[in-house]
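Residue numbers (our numbering), protein chains in the order written: chain A, 11 to 63; chain B, 1215 to 2009.
Quick reminder that beta carbons are idealized off the backbone N, C-alpha and C, glycines included.
Everything numeric in this text was worked out from a predicted model, so none of it was measured.
One structure below.
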Amino acid sequence: MSIIYFLIGCSILLALVFLGAFFWAQRHGQHDDLYTPSVRILLDDQSSDETKK
Amino acid sequence: MAIKSIALSTCYHCGNDCEEGHYELDDKFFCCAGCRGVYQVLSQSGLCNYYTYNDHPGANRARLDRRFEYLDEPQIVNDLIDYTDDQITVVTLYIPYIHCSSCIWLLEQLNRINPAIYHSRIDFLKKQVNIRFSNDGMNLRQLVELLFDIGYEPLISLQDIVKKQQTGQNDHLVRKIAVAGFCFGNVMLISFPEYLGLSEYEQTFRQFFGWLNIFFSLPMVFYSGTEYFVSAWNNLRNKVLSIDFPLALGIAVLFIRTVAEIGLHTGPGFADTLCGLVFFLLVGKFVQRKTYYHISFERDYRSFFPVAVQVMEEGKEKPLPLSELKVGQRIRIRHNEIIPADAILLQGEALVDFSFVTGESVPVAKTLGEVVYAGGRQTGEALELEVIKPVSQSYLTQLWNNEAFTRQQDNRMRTFNETVSKYFTIVLLVVALGSLFFWMPTDLARGLSAFTAVLIVACPCALALSTPFTMSAALSIFDRNFFYLKNTAVVEQLARINTIVLDKTGTITTGGSSNAVSKPGVLTDLEKQIVYTLCSNSSHPLSRQICQVVGEKPQLAISGYQEIPGKGISGFVEGHQVKVGSASFMHYRGEVNSGTEVHIMIDDIYCGAFIFKQRIRHGLKEIFSLKPEYKFYLLSGDQDHERAAMAEFFGDDGYMHFKKSPQEKLNFIRSLELADRKVMMIGDGLNDSGALKQSDLGVAITDDVNNFSPGSDAILDGKSLYKLPAFFRFSKDTVTIIHLSFLISLTYNLIGLSYAVTGNLSPLIAAILMPLSTATIILFTSIATHVAAKKRKLL
Chain A
11 MSIIYFLIGC
21 SILLALVFLG
31 AFFWAQRHGQ
41 HDDLYTPSVR
51 ILLDDQSSDE
61 TKK
Chain B
1215 MAIKSIALST
1225 CYHCGNDCEE
1235 GHYELDDKFF
1245 CCAGCRGVYQ
1255 VLSQSGLCNY
1265 YTYNDHPGAN
1275 RARLDRRFEY
1285 LDEPQIVNDL
1295 IDYTDDQITV
1305 VTLYIPYIHC
1315 SSCIWLLEQL
1325 NRINPAIYHS
1335 RIDFLKKQVN
1345 IRFSNDGMNL
1355 RQLVELLFDI
1365 GYEPLISLQD
1375 IVKKQQTGQN
1385 DHLVRKIAVA
1395 GFCFGNVMLI
1405 SFPEYLGLSE
1415 YEQTFRQFFG
1425 WLNIFFSLPM
1435 VFYSGTEYFV
1445 SAWNNLRNKV
1455 LSIDFPLALG
1465 IAVLFIRTVA
1475 EIGLHTGPGF
1485 ADTLCGLVFF
1495 LLVGKFVQRK
1505 TYYHISFERD
1515 YRSFFPVAVQ
1525 VMEEGKEKPL
1535 PLSELKVGQR
1545 IRIRHNEIIP
1555 ADAILLQGEA
1565 LVDFSFVTGE
1575 SVPVAKTLGE
1585 VVYAGGRQTG
1595 EALELEVIKP
1605 VSQSYLTQLW
1615 NNEAFTRQQD
1625 NRMRTFNETV
1635 SKYFTIVLLV
1645 VALGSLFFWM
1655 PTDLARGLSA
1665 FTAVLIVACP
1675 CALALSTPFT
1685 MSAALSIFDR
1695 NFFYLKNTAV
1705 VEQLARINTI
1715 VLDKTGTITT
1725 GGSSNAVSKP
1735 GVLTDLEKQI
1745 VYTLCSNSSH
1755 PLSRQICQVV
1765 GEKPQLAISG
1775 YQEIPGKGIS
1785 GFVEGHQVKV
1795 GSASFMHYRG
1805 EVNSGTEVHI
1815 MIDDIYCGAF
1825 IFKQRIRHGL
1835 KEIFSLKPEY
1845 KFYLLSGDQD
1855 HERAAMAEFF
1865 GDDGYMHFKK
1875 SPQEKLNFIR
1885 SLELADRKVM
1895 MIGDGLNDSG
1905 ALKQSDLGVA
1915 ITDDVNNFSP
1925 GSDAILDGKS
1935 LYKLPAFFRF
1945 SKDTVTIIHL
1955 SFLISLTYNL
1965 IGLSYAVTGN
1975 LSPLIAAILM
1985 PLSTATIILF
1995 TSIATHVAAK
2005 KRKLL
């Protein structure tokens, strides 16, 4: 049963990694604007020869 | 009305009505040269995709040129930009015209218009664009001019500069929630075996899990939950018992008891309850903040002033930051610019639009040597003025600095939450101490355990959550109906209002060019042409409106044109002597109608008058359905020529007050409040801001949410005015919902307490009761608010 100690350690370590990833995203401003990217992805670029017609 | 007789179509760029054939390009029609210009710029850069994402995405460009020279001043530039080095500059600009996905697309393609721009990113909700550009290719002024050219003029005000110095509080709420959620999840997992019971040979885990629980509780108490201790301590020092006090007490007791039980091997502790409590509290706070985050009400007079002003020095103009403007300096104000400080008019014909300060929509003519107050907007040629008072002491700023603005919020109405939490805390302490003293003589350990148990189980988590959740739900419903509230306390204030004071111009009537113009009598085509020719020479707003009414005509020959400020215009058109202006200007002695009039006389024959009537705002009738219950007052800075029309709504003369200065308006509100009325003031413009702030609830009414008056507790979009009765009823429903949720929460607390006072609170019961009560409250408030909104037809 002592394997449980090891497993709990692993799971907490994993959770800490996720927490760290969240902090990283937060610090890099990934949660600053939750709306615009969803619109941006729908806008596609017109190729230049199309514009010249 | 003889307008719009010519074939109409809509402008390809902005969607306004326009006359076909006037401005045309590529078979597309435009309402003005500005809109056509934008289209041209875009089509040359191959950016016509702009028009495919939305119909008419453009902002109307029919505006007169503005000068951006001040953006060459290094001092101003330094305050505006975010970052600069030898090569690149990064700047964030606020662009109020951002309104659809086309805007996002176009503004993020700026590099195709000017390659010196490396990168531009939009934050749609904040209406901000972040641009990185090369210093070699362009400067800030060119960037702003480019944005202006494509119809996205950034709004640069004095406040942008000042704001930098007071960067808002950053309390890392999201980070705290993340930590709290992390600990909460792990503690729940680890506590699970404890709930189900551990068998004999698993007992070694008990200690291990216990210490892990303590380990996870540490960040909850010392990181995520710290603000409750700080707030409770601050409140205590100010001798206020807020809801934060029992919360902080609960957190502290939970932690101490957990550590004690695990350390002394007497029990499993309450780590799960502790983590759940802090987590839910923080989530509640987050929900509350999120709901009204997108409107920043914290504006002051600085947001209405430009950043810089043109100062005359040795015969040359030089842009100077407004903060450096001194008494005695000569300034130059161009068309459409705001006069930033009280000044004496030295040169030029001043026609100043004070609508923003006084509410009167007709521009006022000023003669040389007269004092022009700050806040007016020049609507004619360029002026030269001498500053007589520094910006910080001008009329406008003084109004702003009135005590009503600096006063603390605490003499406002108390919210239900504040009132209840005071008594709640007292009762809680009495019960806790009572059970301690009851058990102490017989069983000290039990007494202590009962004492802590009461504090734990009665910890007002649900109480603290019921208000933010109900209010957030209510706020978002108001929001959806274009009624934007400053904070949650406003909802409760709304429910208590019994007196409504309305401003006239801009509030009851809609301002600006939408005024109706009528013209009794008929003008022949030739006469129309003559009037048009004369009026098209004048830049007076009334002349322009007349031009619109008569419709565009071919110009005739004109000579001897004269414009007499405040009176009218005259001249010879094709040999006919024409006069357009006030009654006294024509020496006309016939009957004078109410409202603003412009009379016409051709060859000394009186031809009638254009009457400018302000249009009454749609929905005004509906709000008077509140009448017997609520008292209505009219408070206007205007002349009383519309008294008769207003009497229809307000009835008795006693309820109408005209010609009130901003200070008098403020005093009037105060007198109503002294008579124990709960006053809601609805107004617009800076002239009302004193009154708005003084009232129990100040509502700024506006047709453009970005352009609202300061000092208000709420902003109401003009088109939702008719919903005001529904808003009142809904706010009352909301308050009832809060009361009910308090009852529910109290019921849970009573059940918990009955266990707690005996000293037999098991962690299992606490762990079930706490989240259950929280969940019930959140469910109840969201469902009940939704139902109430449906009932009031607000959803």
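Under the rule that 16 or more other beta-carbon atoms within 10 Å means buried, what is B:GLU1741, buried or exposed?
What you label residue 1741 of chain B is simply residue 527 of the second sequence in a count that begins at 1. It counts as buried.
Let me check understanding here. Comparing Cα to Cα, which of B:ALA1522, B:PRO1682 and B:GLU1538 lies closest to B:ARG1548?
For the purposes of this step, residue 1548 of chain B is taken as residue 334 along the second sequence, with counting starting at 1. Comparing Cα positions, the closest option is B:ALA1522.
Verify whether the separation of the beta carbon atoms of B:GLY1795 and B:GLY1782 is less than 8 Å.
As a position in the second sequence, residue 1795 of chain B is number 581, starting the count at 1. As a position in the second sequence, residue 1782 of chain B is number 568, starting the count at 1. Their beta carbons are under 8 Å apart, which means B:GLY1795 touches B:GLY1782 by this criterion.
Do B:GLY1411 and B:PRO1482 have their C-beta atoms closer together than 8 Å?
By 1-based counting over the second sequence, the position of residue 1411 of chain B is 197. By 1-based counting over the second sequence, the position of residue 1482 of chain B is 268. No. Outside cutoff.
Are B:LEU1888 and B:LYS1718 closer than 8 Å when you measure CB to CB?
Taking the first residue of the second sequence as 1, we reach residue 1888 of chain B at position 674. Taking the first residue of the second sequence as 1, we reach residue 1718 of chain B at position 504. Going by C-beta atoms, B:LEU1888 is not nearer than 8 Å to B:LYS1718.
Runs of beta strand (DSSP E) wholly within the segment 1640-1719 of chain B (minimum 3 residues, chain order):
1697-1699 and 1713-1717
Does any residue of chain A bring its CB to less than 8 Å from the CB of B:ARG1389?
Position 175 of the second sequence, counted from the start, is the residue given in the question as residue 1389 of chain B. Chain A, which has a Cβ nearer than 8 Å to the Cβ of B:ARG1389, makes this yes.
Would B:ASP1337 and A:ASP43 qualify as a contact pair, given that the criterion is a beta-carbon distance under 8 Å?
Numbered from its first residue, the second sequence carries residue 1337 of chain B at position 123. Numbered from its first residue, the first sequence carries residue 43 of chain A at position 33. The answer is yes: Cβ separation under 8 Å.
In terms of residues, what are the limits of the beta strand (DSSP E) holding B:ARG1544?
Here residue 1544 of chain B corresponds to residue number 330 of the second sequence, with the count starting at 1. Its beta strand (DSSP E) spans residues 1544-1547.
Name the residue from B:CYS1317, B:ILE1309, B:ILE1391 and B:GLU1322 whose alpha carbon lies nearest to the alpha carbon of B:VAL1358.
Along the second sequence, one-based indexing puts residue 1358 of chain B at 144. The residue with the shortest Cα to Cα distance from B:VAL1358 is B:ILE1309.
Tell me which same chain residues have a C-beta within less than 7 Å of the C-beta of B:PHE1494, skipping the five on either side of it?
In the second sequence, residue 1494 of chain B corresponds to position 280, counting from 1. Only CYS1675, LEU1679 and THR1988 meet the Cβ criterion.
Going by CA-CA distance only, name the one from B:ALA1914, B:ILE1722 and B:ALA1555 that's closest to B:GLY1589.
In the second sequence, the residue the question calls residue 1589 of chain B occupies position 375. B:GLY1589 has its Cα closest to that of B:ALA1555, out of B:ALA1914, B:ILE1722 and B:ALA1555.
At a Cβ threshold of 8 Å, is A:HIS41 touching chain B?
Here the question's residue 41 of chain A lines up with position 31 in the first sequence. Yes, contact with chain B.
Quick one: which unbroken beta strand (DSSP E) runs of 3-plus residues sit fully inside the segment 1832-1881 of chain B? Chain order, please.
1845-1849
Below-8 Å beta-carbon distance, A:PHE16 vs any chain B residue:
For this step, residue 16 of chain A is matched to residue 6 along the first sequence. Not closer than 8 Å to any Cβ of chain B, the Cβ of A:PHE16 fails to qualify, so no.
Would you mind working out which of B:VAL1343, B:MET1352, B:ILE1391 and B:LEU1387 sits nearest B:ILE1370, comparing C-alpha positions?
For the purposes of this step, residue 1370 of chain B is taken as residue 156 along the second sequence, with counting starting at 1. When only C-alpha atoms are compared, the closest one is B:VAL1343.
Going along the chain, which residues of the segment 26-38 of chain A sit with their C-beta nearer than 7 Å to a C-beta in chain B?
LEU29, PHE32, PHE33 and GLN36
Determine the DSSP secondary structure at B:HIS1386, reduced to helix, strand or coil.
Taking the first residue of the second sequence as 1, we reach residue 1386 of chain B at position 172. In the structure shown, B:HIS1386 sits in coil (DSSP, three-state: anything other than H, G, I, E or B).
Endpoints, alpha helix (DSSP H) assigned at B:TYR1265
For the purposes of this step, residue 1265 of chain B is taken as residue 51 along the second sequence, with counting starting at 1. Counting along the chain, the alpha helix (DSSP H) containing B:TYR1265 begins and ends at 1264-1267.
Is the Cβ-Cβ distance between A:HIS41 and B:VAL1388 less than 8 Å?
As a position in the first sequence, residue 41 of chain A is number 31, starting the count at 1. As a position in the second sequence, residue 1388 of chain B is number 174, starting the count at 1. Contact: yes.
Which stretch, first to last residue, makes up the alpha helix (DSSP H) that contains B:VAL1492?
Against the second sequence, residue 1492 of chain B aligns to sequence position 278. Unbroken alpha helix (DSSP H) run through B:VAL1492: 1485-1505.
Kindly say whether B:ILE1336, judged by its beta-carbon, lies nearer than 8 Å to any beta-carbon of chain A.
To locate residue 1336 of chain B, count along the second sequence from 1; it is residue 122. Interface residue, yes.
Residues in the same chain with beta-carbon distance under 6 Å from B:LEU1565, minus the five sequence neighbours each way, listed in chain order, please.
Position 351 of the second sequence, counted from the first residue, corresponds to residue 1565 of chain B. Excluding sequence neighbours, B:LEU1565 sits near PRO1577, ALA1579, THR1593 and GLY1594.
Are there any heavy atoms of the ligand GTP lying less than 7 Å away from the beta-carbon of A:GLY30, as far as the coordinates show?
Within the structure as shown, the ligand GTP is missing, as the structure has no ligands at all.
Does B:TYR1267 have its Cβ less than 8 Å from a Cβ in chain A?
Residue numbering aside, residue 1267 of chain B sits at position 53 when the second sequence is read from its first letter. Answer yes: the Cβ-Cβ gap between B:TYR1267 and chain A drops below 8 Å somewhere.
Using a beta-carbon distance cut-off of less than 7 Å, what residues from the segment 1394-1415 of chain B approach chain A?
PHE1396 and ASN1400
Is the distance from the Cβ of B:SER1405 to the Cβ of B:SER1635 below 8 Å?
Here the question's residue 1405 of chain B lines up with position 191 in the second sequence. Here the question's residue 1635 of chain B lines up with position 421 in the second sequence. Contact: no.
Could you work out which residues of chain D lie near B:SER1315, taking near to mean beta carbons separated by less than 9 Å?
This model lacks chain D altogether; the protein chains it does include are A and B.
Please report whether the beta-carbon of A:ILE22 lies at a distance below 8 Å from any beta-carbon of chain B.
Locating residue 22 of chain A in the first sequence gives position 12, counting from the first residue. Yes, because at least one Cβ of chain B sits closer than 8 Å to the Cβ of A:ILE22.
Buried or exposed by the 16-neighbour rule on C-beta atoms within 10 Å, applied to B:LYS1453
Along the second sequence, read from residue 1 onward, the residue named residue 1453 of chain B stands at position 239. Label assigned to B:LYS1453: exposed.
Delimiting residues of the beta strand (DSSP E) encompassing B:HIS1801:
Within the second sequence, the letter at position 587 stands for residue 1801 of chain B. Note, B:HIS1801: premise wrong, no beta strand (DSSP E); not H, not E.
Take B:TYR1437 and list the residues in its own chain whose beta-carbon comes closer than 8 Å to its own, dropping the five residues that flank it on each side.
Locating residue 1437 of chain B in the second sequence gives position 223, counting from the first residue. Taken in chain order, the residues that qualify are LYS1390 and VAL1393.
By how many angstroms is the C-alpha of B:GLU1287 removed from the C-alpha of B:ASN1449?
The sequence position of residue 1449 of chain B within the second sequence is 235, counting from 1. The sequence position of residue 1287 of chain B within the second sequence is 73, counting from 1. About 47 Å.
Using 8 Å as the cut-off, can you tell me whether the segment 1857-1873 of chain B makes contact with the segment 1888-1897 of chain B, which would need three or more C-beta pairs spanning the two stretches below that distance?
no
If I'm right that B:PRO1407 touches B:PHE1419 with Cβ under 8 Å, what's the distance once you round it to whole angstroms?
Position 193 of the second sequence, counted from the first residue, corresponds to residue 1407 of chain B. Position 205 of the second sequence, counted from the first residue, corresponds to residue 1419 of chain B. Rounded, the Cβ-Cβ distance is 7 Å, consistent with contact.
Please confirm whether B:TRP1425 has its beta-carbon closer than 8 Å to some beta-carbon of chain A.
As a working note, residue 1425 of chain B is residue 211 in the second sequence. Closer than 8 Å: no.
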